[in-house]
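Data block below; observations after.
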Amino acid sequence: MAEATLHIKLTANDDAPFTAMFEPTGMTYELAGSEHMTAEVYECHSNEIEIVHWNGGVSVWAPGSITTFDGNGEKLHDLN
Numbered sequence: 001m002a003e004a005t006l007h008i009k010l011t012a013n014d015d016a017p018f019t020a021m022f023e024p025t026g027m028t029y030e031l032a033g034s035e036h037m038t039a040e041v042y043e044c045h046s047n048e049i050e051i052v053h054w055n056g057g058v059s060v061w062a063p064g065s066i067t068t069f070d071g072n073g074e075k076l077h078d079l080n
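Residue numbers for the sequence shown follow this note's numbering, beginning at 1 and rising by one.
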C-alpha cells in the first residue's frame, strides 16, 4: 500500500465523549472518554481539510479517500 499523504488523529477528552463523522459518506464512530482513532488519506485531491463541530461531535471532510483505524491501529473502513 502507498504511504499516506495525510494522517488525521481524533481524540476524545476524558470527560467529553463524542461522535466522529466522515463526510461525504456519513460513516460515524463513537469515541468514549480518552479514546482515539486515526484516518489516513493516501491521495489528497487538495491541501484543505474541513472539520465542522456540531453538538456532540465533529464532521471531517478529508481531501481524498480515507482508511479509518481504531485506537489500536486495527483497520475499520475504506471510505471513498
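Backbone N, C-alpha and C fix where the C-beta goes; we use that ideal spot for every residue, glycine too. All figures in this text were calculated on a predicted structure; none of them were measured in a lab.
Under a three-way DSSP split, which group does Ala32 fall into?
-> coil
Is it true that the CB of Ala12 sits closer than 7 Å to the CB of Glu35?
-> yes
Among Gly33, Asn72, Thr5, which one has its Cα closest to the Cα of Asp15?
-> Gly33
For Ala16, write down the residues that DSSP places opposite it in a beta bridge.
-> Asn13
Cβ neighbours of His77 in the same chain (closer than 8 Å, five flanking residues each side left out) = Met27, Thr67, Thr68
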